[in-house]
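Trainee: Protein sequence lines correspond, in order, to chains E and X.
For the first sequence, our numbering begins at 1 and goes up steadily by one.
For the second sequence, our numbering begins at 1001 and goes up steadily by one.
Even for Gly, the Cβ is constructed at its ideal location relative to N, Cα and C.
2 protein chains.
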Amino acid sequence: MNKESTKDKIIEAAATIINEKGFNNTGIQEILRAADVPKGSFYFYFRSKEDFGLELVDYYMHFLKEKLVKHLKSSERSHLNRLRNFFNAALEIQKEHQFRRGCPIGNLAQETGGLNQAFQAKLKITFNRMTTEIGRCLELAQKSGEIDASLDPYETADFILNSWEGALLRMKVERSIDPLIGFEKMIFGKVLK
Amino acid sequence: MNKESTKDKIIEAAATIINEKGFNNTGIQEILRAADVPKGSFYFYFRSKEDFGLELVDYYMHFLKEKLVKHLKSSERSHLNRLRNFFNAALEIQKEHQFRRGCPIGNLAQETGGLNQAFQAKLKITFNRMTTEIGRCLELAQKSGEIDASLDPYETADFILNSWEGALLRMKVERSIDPLIGFEKMIFGKVLK
Chain E
1 MNKESTKDKI IEAAATIINE KGFNNTGIQE ILRAADVPKG SFYFYFRSKE
51 DFGLELVDYY MHFLKEKLVK HLKSSERSHL NRLRNFFNAA LEIQKEHQFR
101 RGCPIGNLAQ ETGGLNQAFQ AKLKITFNRM TTEIGRCLEL AQKSGEIDAS
151 LDPYETADFI LNSWEGALLR MKVERSIDPL IGFEKMIFGK VLK
Chain X
1001 MNKESTKDKI IEAAATIINE KGFNNTGIQE ILRAADVPKG SFYFYFRSKE
1051 DFGLELVDYY MHFLKEKLVK HLKSSERSHL NRLRNFFNAA LEIQKEHQFR
1101 RGCPIGNLAQ ETGGLNQAFQ AKLKITFNRM TTEIGRCLEL AQKSGEIDAS
1151 LDPYETADFI LNSWEGALLR MKVERSIDPL IGFEKMIFGK VLK
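#1: Compare the C-beta of residue 61 of chain E against all C-beta atoms of chain X and say whether one is closer than 8 Å.
#2: Below 8 Å between beta carbons: does that hold for residue 1037 of chain X and residue 1070 of chain X?
#3: Residues of the segment 96-126 of chain E with a CB closer than 7 Å to any CB of chain X: list them in chain order, please.
#4: Using a Cβ cut-off of 7 Å, which residues of the segment 1145-1161 of chain X contact any Cβ in chain E, in chain order?
#5: Between which residues of its own chain and residue 1103 of chain X is the CB-CB distance below 7 Å, once the five residues before and five after are set aside?
#6: If you run the structure through DSSP and keep just helix, strand and coil, what is residue 1149 of chain X?
#7: Assign residue 1073 of chain X to one of two classes, buried (16 or more other C-beta atoms within 10 Å of its C-beta) or exposed (fewer than that).
#8: Residue 194 of chain E by DSSP, collapsed to three states: which one?
#9: Under three-state DSSP, which class holds residue 1076 of chain X?
#10: Looking at the secondary structure, which residues open and close the alpha helix (DSSP H) in which residue 1103 of chain X lies?
#11: Where do the N-terminal and C-terminal ends of the alpha helix (DSSP H) with residue 1047 of chain X fall, by residue?
#12: So residue 17 of chain E packs on residue 49 of chain E, CB below 8 Å; how close in whole Å?
#13: When you compare only the Cα positions, how much space is there between residue 190 of chain E and residue 34 of chain E?
#14: Distance, Cα to Cα, residue 14 of chain E vs residue 83 of chain E?
#15: Grab the span of the alpha helix (DSSP H) containing residue 1192 of chain X for me, first residue to last.
#16: When you compare the segment 1136-1149 of chain X with the segment 1044-1059 of chain X, are there three or more beta-carbon pairs, one atom per stretch, that lie closer than 8 Å?
#17: In terms of alpha-carbon separation, which member of E:138, E:124, E:105 lies closest to residue 64 of chain E?
#18: Could one say the Cβ of residue 87 of chain E lies closer than 8 Å to chain X's Cβ atoms, at least one of them?
#19: Alpha carbon to alpha carbon, how far is residue 45 of chain E from residue 2 of chain E? Give it in angstroms, no decimals.
#20: Counting only the same chain and skipping the five closest in sequence on each side, list residues whose C-beta sits under 6 Å from that of residue 1116 of chain X.
#21: Residues in the same chain with beta-carbon distance under 8 Å from residue 1170 of chain X, minus the five sequence neighbours each way, listed in chain order, please.
#22: Quick one: complete alpha helix (DSSP H) runs, 4+ long, within the segment 121-180 of chain E?
#23: Quick check: is the beta carbon of residue 1183 of chain X nearer than 8 Å to any beta carbon in chain E?
#24: Does the beta carbon of residue 169 of chain E sit closer than 8 Å to a beta carbon anywhere in chain X?
#25: Going by beta carbon distance, what residues of the same chain come within less than 7 Å of residue 1144 of chain X, once the five residues before and after it are set aside?
#26: Of the residues E:4, E:138, E:68, E:12, which one's Cα is nearest the Cα of residue 192 of chain E?
#27: Considering only C-alpha positions, which residue in the set E:181, E:186, E:136, E:31 is nearest to residue 91 of chain E?
#28: Mind listing which residues of the segment 1020-1034 of chain X have their C-beta closer than 8 Å to chain E's C-betas, in chain order?
#29: Any beta carbon of chain X sitting closer than 8 Å to that of residue 174 of chain E?
#30: Compare the C-beta of residue 69 of chain E against all C-beta atoms of chain X and say whether one is closer than 8 Å.
As structure tokens, this is what we get:
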């Protein structure tokens, strides 16, 4: 197996475990075991656990782009429906995992955001990329009269993404779809109206 | 020093460290050192780190009641202003700690909610207590015509608390007051109107 594919294997195996267990709570040996990669090879691929964590953020972001952000850029004519599809797809992913996982980026933010400057800077950019995409969609929805004309689309995008992260957090302790349904109801039924 | 006060000392010292560093990321020795309590005495007071964590949730909840929930029950005549005062007081606490800490309950929920059933059950109750208090305040605000009559006060309370938790999460990576200001603007300027 070449160097890149072993590295990818480690990151892929880690992504699932860390999304469920947390970054600090997951040991390197556990990741290597799950990836079926020899013990001790971790530091051949990553300088440190932090260095590895920063690459993991890129991996998660790539995953979110493939699975979710594509809905914001789809050929669907209604800009508002594109946003709906984005959150519905995100909800389906949570349902698949029995409402236990939450957002991989949000989880890392909660664990490392207040602590580690390299993570904080990287996660900040990642969130901003996401809200820019949502903001663009809202800007177009506003131009076509689908949402409240008085809203600032980018401020609203920030509020919406933050509220979604909070709904995911609550979902984890409720182990239920209710906080996500409550989010959709309030955002689409009230905030954007 | 008697048994209770040593135990309190351990929990108080831990509360600050864990609020900033996370539960899994904080070692028992580190807590004992900060509490200035002899090494090895931890298991005299707590059966396990989990058992200790569950007592910590009670401690945090007590703190939130003293510092924040009191505003929801104050003698201030406007019910809506009571809710504003609650979130303003919460914002001031975050400002004091340079926007690094977030909500101690939310942090624990993110870290342990998807994983540990005892934490999940306890945190679920804790969140529900909080939203019941907010919901009551909204119900009264609605009766006195201060907020939108069409809202369900308890569903809205859930949405508001979840959105606040999300705003705190984003605050940690932004290291800025902006997500909290954005939250207040949208909740009081749009959601409740």
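Mentor: Result, derived from the coordinates:
#1: False, the Cβ-Cβ gap to chain X never drops below 8 Å.
#2: For the pair residue 1037 of chain X and residue 1070 of chain X, the CB atoms are not nearer than the 8 Å cut-off.
#3: Here the close residues are 100, 101, 102, 106, 107, 109, 110, 111, 113, 114, 115, 120, 123, 124.
#4: Against chain E - using a Cβ distance shorter than 7 Å - the residues of the segment 1145-1161 of chain X are 1155, 1158, 1159.
#5: The residues 1165, 1168, in chain order, have a CB closer than 7 Å to that of residue 1103 of chain X in the same chain once the five nearest residues on each side in sequence are set aside.
#6: The answer is coil: DSSP assigns residue 1149 of chain X none of H, G, I, E or B.
#7: Residue 1073 of chain X should be labelled exposed.
#8: Outside the displayed span of chain E (1 to 193) sits residue 194 of chain E, for which this structure offers no information.
#9: In the three-state reduction of the DSSP assignment, residue 1076 of chain X falls in the coil class.
#10: Counting along the chain, residue 1103 of chain X sits inside no alpha helix (DSSP H), nor does DSSP assign it H or E at all.
#11: DSSP places residue 1047 of chain X in no alpha helix (DSSP H); its state is neither H nor E.
#12: Not quite, the Cβ-Cβ distance comes to about 13 Å (not below 8 Å), so this is no contact.
#13: Between residue 190 of chain E and residue 34 of chain E, the C-alpha separation is close to 45 Å.
#14: For residue 14 of chain E and residue 83 of chain E, the gap between their C-alpha atoms comes out near 29 Å.
#15: Boundaries cannot be given for residue 1192 of chain X, as no alpha helix (DSSP H) includes it and DSSP labels it neither H nor E.
#16: The segment 1136-1149 of chain X, when compared against the segment 1044-1059 of chain X, does not touch it at the 8 Å Cβ threshold.
#17: When C-alpha distances from residue 64 of chain E are compared across E:138, E:124, E:105, the shortest belongs to E:105.
#18: With 8 Å as the cut-off, residue 87 of chain E does not count as an interface residue toward chain X.
#19: Their Cα atoms are separated by approximately 12 Å.
#20: Once the five neighbours on either side are set aside, residue 1116 of chain X has no close Cβ partner at all.
#21: The answer, listed in chain order, is 1179.
#22: Counting only runs of 4 or more, we get 153-174.
#23: True, the Cβ-Cβ gap to chain E drops below 8 Å.
#24: By the rule that beta-carbons nearer than 8 Å mark a contact, residue 169 of chain E touches chain X.
#25: Excluding positions up to five away in sequence, the list reads 1079.
#26: Answer by Cα proximity: E:138.
#27: Residue E:181 is the option with its Cα nearest to residue 91 of chain E.
#28: Hits within the stretch, in order: 1020, 1021, 1022, 1024, 1025.
#29: For residue 174 of chain E, the answer is yes, since a Cβ of chain X falls inside 8 Å of its Cβ.
#30: Output row for residue 69 of chain E: interface = no.
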